[in-house]
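K.L.:
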Amino acid sequence: MSMTITEKILARAAGKDAVQPGELIIAKVDFCLGNDVTAPVAIDEFEKAGFDSVFDSERIALIPDHFTPNKDIKTAQLVKQMREFCKKFGIRHFYDVGRVGVEHALLPEMGLVGPGDVVVGADSHTCTYGALGAFATGVGSTDLAGAMATGEVWFRVPESIKFVIEGGLPPYVTGKDIILYTIGQTGVDGALYQAMEFTGSTIDALSMEARLTMANMAIEAGAKNGIFPADDITKAYVHRRFLREPRYVYSDPDAAYATTYRWNAADIPLMVAKPHLPSNTQAAAELNGIRIDQVVIGSCTNGRIEDLRMAADVLRGQKVHPDVRCIVIPATQAIWQQAMEEGLFGVFLDAQAVVSAPTCGPCLGGHMGILAEGERAVSTTNRNFVGRMGHPRSEVYLAGPYVAAASAVAGHIATPDQVGSRKAAA
Amino acid sequence: MSATTIGGGATTPGGGRAAGDDAGGVAAAAGVAVPIHGRAWTFGRDVDTDLIIPARYLNMKTAEELAAHVMEDADPDFPRKVQSGDILVAKENFGCGSSREHAPMAIKGAGIPLVIAKSFARIFYRNSFNTGLPILVAPEAVDGISEGDTVEADLATGVIRNATTGAEYQAEPLPEFMRELVAAGGLLPYLKARVAG
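Just so you know, the protein sequences line up as chains A and B, in that order. Under this note's numbering, the first residue of the first sequence carries the number 796, and numbering increases by one thereafter. Under this note's numbering, the first residue of the second sequence carries the number 93, and numbering increases by one thereafter.
(1) With 7 Å as the limit, tell me which residues of the stretch 887 to 919 of chain A have their beta carbon closer than that to any beta carbon of chain B; keep them in chain order.
(2) Bridge partners for A/Gln1055 per DSSP, in chain order?
(3) Determine, using beta carbons only, whether A/Thr799 and A/Asp831 come nearer to each other than 8 Å.
(4) Along the chain, where does the beta strand (DSSP E) containing B/Leu57 start, and where does it finish?
(5) Closer than 7 Å between beta carbons: that is the criterion. Which residues of the stretch 921 to 941 of chain A meet it against chain B?
(6) Can you list the residues of chain C that A/Pro1048 reaches, using a CB-CB cut of under 9 Å?
(7) Would you kindly work out how many angstroms separate the C-alpha atoms of B/Leu247 and B/Pro205, rounded to a whole number?
(8) Report yes if the C-beta distance between A/Gly1160 and A/Gly1141 is below 8 Å; otherwise report no.
(9) Less than 8 Å between the C-beta atoms of A/Ala1203 and A/Val1090, yes or no?
(10) Taking 8 Å as the cut-off, decide whether the C-beta atoms of A/Ser955 and A/Tyr1052 are in contact.
(11) Label B/Gly278 either buried or exposed according to how many other C-beta atoms from any shown protein chain fall within 10 Å of its C-beta, with 16 as the threshold for buried.
(12) Going by C-alpha distance, which of A/Met796, A/Glu1136, A/Ile821, A/Arg1188 is nearest B/Leu273?
(13) Would the beta-carbon of A/Cys827 fall within 8 Å of that of A/Ala986?
(14) Given this structure, state the Cα-to-Cα distance separating A/Lys1019 from A/Glu992, to the nearest angstrom.
(15) In chain B, which residues lie with their C-beta within 9 Å of the C-beta of A/Ala944?
(16) Against chain B, does A/Leu1007 count as a neighbour if the rule is that its beta carbon must be under 8 Å from one of theirs?
(17) Helix, strand or coil: how does DSSP classify A/Cys1095 here?
(18) Do the CB positions of A/Pro1064 and A/Val968 come within less than 8 Å of each other?
(19) In three-state terms, what does DSSP make of A/Arg894?
(20) Give the C-beta separation of A/Phe1016 and A/Ile978 to the nearest angstrom, bearing in mind that I take them to be a contact with Cβ-Cβ under 8 Å.
(21) For the alpha helix (DSSP H) holding A/Gln1077, just list the boundary residues, first then last.
(22) If you measure between the beta carbons of A/Ser1094 and A/Cys1155, is that distance less than 8 Å?
(23) Any C-beta of chain A sitting closer than 8 Å to the C-beta of B/Ala121?
(24) On the DSSP bridge assignment, give the partners of A/Cys827 in chain order.
(25) Assign A/Gln989 to one of two classes, buried (16 or more other C-beta atoms within 10 Å of its C-beta) or exposed (fewer than that).
(26) Output, in chain order, the set of chain B residues within a Cβ distance shorter than 7 Å of A/Arg878.
(27) Considering only the alpha carbon of each residue, which of B/Val174, B/His194, B/Leu180, B/His129 lies closest to B/Gly157?
(28) Taking buried to mean at least 16 other C-beta atoms within 10 Å of its own C-beta, is A/Asn1059 buried or exposed?
(29) Going by DSSP, which residues form a beta bridge with A/Met1066?
(30) Just the C-alpha distance for A/Ile1085 and A/Lys971, rounded to the nearest angstrom, thanks.
(31) Please classify A/Ile1208: does DSSP put it in a helix, a strand, or coil?
(32) Verify the CB distance criterion: does B/Pro226 have a CB-CB separation below 8 Å to chain A?
(33) Quick one: what's A/Leu815 bridged to in DSSP?
(34) I believe A/Ser1074 touches A/Gly982 by the beta-carbon criterion, under 8 Å. Please report the beta-carbon distance rounded to the nearest angstrom.
(35) Which of helix, strand or coil does DSSP assign to A/Asp938?
(36) Compare the C-beta of A/Ala844 with all C-beta atoms of chain B and state if any pair is closer than 8 Å.
Dropping the structure here:
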C-alpha cells in the first residue's frame, strides 16, 4: 500500500504494516518535551493520576525557555517544580539558564530528535522537527503527562497536502518568506488537522535552518505537522549529532495527497504578515508607510546562526533608527557563542541593537521586550495575534531577518534594498 | 502492549472536513452528560489561545487564577460579565495557536460548561477533551445563535436547542474512540489501564 512519509512513520510507531488517513492509532513516541508553561501542568496531571515512573528518562526533555531567566516569583516556582521532577525521575535533559536555549532550536542542535522519529511536545511549535524528516506535533499538558508515563500517545492519522516549490528564490527571500507566502495562500486553517509535506527544487536547495523555520510555522496553517524528505543536507546535519539511529523515510511516488499546491519560487517576494493573523500577508516592499517602535530578531522560528548572519549583513555599518529598539536573541548558548566568535555581536552593538540571553521572552509577550499600547513591532517570530507581544492594542508584523533588520534601520517596514544593501539573485 | 488501532478500524468522523484533531464531534467531558442551559456569548472565526488566555498570565496554572482573565483581550470586561453557566459560540478554527491547556482550563474555570463552534483547532480539540471541557461541532447551530440567546444542549445526544428562537440543531457525533476515552474517565485513566493491561 502506498503511503506518505507521515503515514509510514506513524505506521511504524503503531506497530502496523500500514495506516491510512482517518485511522485512530496509539503510537509509541521516540521523544517528548515540555516547557516552563506546559510542563508544570503536565507534572500536576501526572501526579494526580498517580503515576510513579516515567517510560524512559532519556527520552524526555523539560526545557524552561519561555519566561527564563525567571521573570518573576511565579515563574521561578514553575521552573523549580520542573527541576525537582527531573531530579526525582532521573531526567537529565533538563537545562537551566546557562545551558538552556529555545526548545525547538535546542533539541535538533543537541541531536535529541531526528529523522523518522515520532516526537510530541507540549508546545505547538514542536512541528519544527519535521524539517529533519520526523513526525513531530504539538499536544497539550495532559497528553504530555500520558506520554511521559507510558511512552504512548493517540493520533488520528492525518491526510497529507503536498507543496511543490520550484526554481530559484529572488534576492533576500528566505524560508520565512516561503512559509508566510504559503500560509497567506492556505489561510490559518487551510491545513487544519493535515500534514504539510514540502518538496521541489527550491526546497532541495534550502539550508536546514531555513527548513526548520518553515516546518516551525506549519501550525500557523492549522497543520498537525510539517515534513521534509531527508536528503544530503539532512544527513550532514544529523551526522555525529543525532544521538540515536536515523530512520530515513520517503513518500511512495504514488502516495495519496488531499491537495497538491505548486509555487514558483520566483513569484515569492519578501513577505510580511500583518496583524493579527499569520495569513494576513503582503509584500514587504508595499508596506513602507508603516512606522515601527521595536524589532525582535530571534525565537524558535528565526533565532539560529543563519538568521543572525542575515540580520548582521543588513545592520553592518548601519545604525538602528533612533525611534526603534532592536532586540537580538540568539536561540541557544551554542548559537550565542558562534555569533560572538563570528563577530556578529560587534555588528549588532555598533548598530545600537541589544543582544539578549536565549529565551522565548517577547515572542509571547512574556518579558524582555513588551510593547506598550499603540506600539508596533516587526518580529521574526511566528504569531501576530492580538496582544501577542504585549498590550492588547499593540501590533506585531511578522517577517524574516532581512526585512526585520532593514526595518530596524529605516524606522518603518523596509526591504534590505531600501536601506542600501545589495545582493544578487541566488 | 500490542499495536493497536483504536475503536475498530478507520474512522472518518463527521464526514468531509475534519473538525479538529483527531476528530469532530460531540465532546468530551469525562463525566455524566448533564443538560446545559445558558446564555450565549458569540465570537467570530480564528479565536486564538492568546485571546482566550493571554500569555502574560501563563505564569499561573490554576483554573481560578486563569478564569479571572478569560477572553480578556477580546473584551476587558468579559471576565466580570460572564456568568457561570453561560456558553461560548464561535465560528471556524476556535482555539488556534498555542498548545496551552490553560485555555480550556480558563474557560472551564469561569463556569462555562460548553463551547459550540463551526470547527476547532486541533490541539485545542485534544486539550478540551483531555481536560473535560465539553465542546460541540455544530455549524448550523452557530449560524442560528445570536449573542444573549438562551441555549440548551444535551451532550449525550448532541442536540442543541436555541430556547430564544425555538430552533433545534444536531451536533456532529462523537467518534467511537472518544466514547472509549470518556468511558475510561479521561485520557490518563485510559492510558493507565492500557499499561496495566
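Ideal Cβ positions, reconstructed from N, Cα and C, are used throughout, including at glycine.
P.N.:
Short version:
(1) Per Cβ criterion, the list reads Ala917, Asp918, Ser919.
(2) For clarity, residue 1055 of chain A is Thr in the given sequence; the question names Gln instead. Residue pairing of A/Thr1055 in beta bridges, as defined by DSSP: A/Lys957.
(3) Against a cut-off of 8 Å, the Cβ pair of A/Asp831 and A/Thr799 comes out as no contact.
(4) The structure shown has nothing for residue 57 of chain B, since chain B only spans 93 to 289.
(5) Residues of the stretch 921 to 941 of chain A with a C-beta less than 7 Å from any C-beta of chain B: Gly933, Val934, Gly935, Ser936, Thr937, Asp938, Ala940, Gly941, listed in chain order.
(6) Here chain C cannot be found, since the structure's protein chains are A and B.
(7) CA-CA distance, B/Leu247 to B/Pro205, rounds to 10 Å.
(8) When the beta-carbon positions are compared, A/Gly1160 and A/Gly1141 stay at least 8 Å from each other.
(9) With contacts defined as CB atoms closer than 8 Å, A/Ala1203 and A/Val1090 qualify as a contacting pair.
(10) For the pair A/Ser955 and A/Tyr1052, the CB atoms are nearer than the 8 Å cut-off.
(11) In the assembly as shown, B/Gly278 is a buried residue. Its beta-carbon has 16 or more other beta-carbons within 10 Å.
(12) Closest in C-alpha terms to B/Leu273, from the list A/Met796, A/Glu1136, A/Ile821, A/Arg1188, comes A/Ile821.
(13) Contact: no.
(14) Going by C-alpha positions, A/Lys1019 is about 11 Å away from A/Glu992.
(15) Per Cβ cutoff of 9 Å: Leu280, Leu283, Lys284, Val287.
(16) For A/Leu1007, the nearest beta carbon of chain B is not closer than 8 Å to its own beta carbon.
(17) Here A/Cys1095 sits in helix by DSSP.
(18) Contact flag set, yes.
(19) Correct three-state label for A/Arg894: coil.
(20) According to the sequence as given, residue 1016 of chain A is Ala; it is not Phe. About 5 Å separates the Cβ atoms of A/Ala1016 and A/Ile978, confirming a contact at the 8 Å cut-off.
(21) Not the alpha helix (DSSP H): A/Gln1077 falls in the beta strand (DSSP E), residues 1076 to 1078.
(22) In contact: A/Ser1094 and A/Cys1155 (Cβ atoms closer than 8 Å).
(23) Below a pLDDT of 50, predicted positions are generally treated as unreliable, and B/Ala121, at 42, falls in that range; the measurement from the model is reported next regardless. Put simply, the CB of B/Ala121 is far from chain A, with every gap to its CB atoms at 8 Å or more.
(24) Answer is A/Ile855, A/Val915.
(25) It is buried - the Cβ of A/Gln989 has at least 16 other Cβ atoms within 10 Å.
(26) Residues of chain B passing the Cβ test: none, with the nearest at roughly 16 Å.
(27) The displayed chain sequence assigns Glu, not Gly, to residue 157 of chain B. For B/Glu157, the nearest C-alpha among the options comes from B/His194.
(28) Note on A/Asn1059: under 16 other CB atoms within 10 angstroms of its CB, so exposed under the neighbour-count rule.
(29) Looking at the DSSP output, A/Met1066 sits in a beta bridge with A/Ala1078.
(30) Taking the Cα positions, A/Ile1085 is about 20 Å away from A/Lys971.
(31) In the three-state scheme derived from DSSP, where H, G and I count as helix and E and B as strand, A/Ile1208 is classed as coil.
(32) Contacts with chain A at 8 Å (Cβ-Cβ) do not include B/Pro226.
(33) Note that residue 815 of chain A is Gln in the sequence shown here, rather than Leu. According to DSSP, which records beta bridges pairwise, A/Gln815 is partnered with nothing at all.
(34) With a Cβ gap of about 5 Å, A/Ser1074 and A/Gly982 count as contacting.
(35) Reduced to three states, the DSSP call for A/Asp938 is helix.
(36) Closer than 8 Å to some Cβ of chain B, the Cβ of A/Ala844 qualifies, so yes.
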